[in-house]
Amino acid sequence: MEMTLKCKKCRINLIESQHGLLNGHNESADYSRINQPYLNEKCQDETFSAFYLPEDKYPQWVSDAVTDLNWVSGKLKCPGCSVTVGSVDFVAGRKCSCGSNILLPVKIIRSKVDPHLIKH
1 MEMTLKCKKC
11 RINLIESQHG
21 LLNGHNESAD
31 YSRINQPYLN
41 EKCQDETFSA
51 FYLPEDKYPQ
61 WVSDAVTDLN
71 WVSGKLKCPG
81 CSVTVGSVDF
91 VAGRKCSCGS
101 NILLPVKIIR
111 SKVDPHLIKH
């Protein structure tokens, strides 16, 4: 199922599933699994608290923000209302809470966006 992530404040479409939304273990974060725990046993009790984007699938506004941040680190702001919806960190190389996976550098905070099913 395809979905889009909308900013909770201004409701602008931020990201669509074609941008390759992933969870902290690089598993697809599609709509049917959005509230399911990670498949990895060590993170079994965790749910999706953030979405991660693969570098080759950034939407234009994310690419622009990453460039503005000089490919280092900083906050990702909604292009519609400037509220913080995520972060960029190409420096730290953080791991997931179970320590088995290095997280992707672009993170969208789940509590700042609303997932919506795209109906065809």
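Taking the UniProt record's numbering, the leading residue of the sequence shown gets 1, the next gets one more, and so forth. Using N, Cα and C, we set each Cβ at its ideal position, and we do this for glycine too.
Close Cβ partners of LYS9 (< 6 Å) along its chain, the five nearest in sequence each way excluded: CYS81 and VAL83
Opposing strand residues paired with SER87 [DSSP bridges]: SER87 is bridged by DSSP to LYS75 and LYS107.
Selected residue, minimal CA-CA separation from PHE51, among ASN101, ILE12, LEU5 and SER100: Considering only alpha carbons, the answer is LEU5.
Inter-residue CB distance, VAL106 and VAL62 (contact presumed, cutoff 8 Å): So it is a contact: roughly 6 Å between Cβ atoms.
Strand pairing of VAL113, partner residues [DSSP]: CYS7
Distance CB(LEU53)-CB(LEU14) smaller than 8 Å: It is not a contact, given that the beta carbons lie outside the stated cut-off.
ILE118, buried or exposed, once every other Cβ within 10 Å from all chains shown has been counted against 16: exposed
Proximity below 8 Å, CB of ILE109 to CB of VAL85: yes
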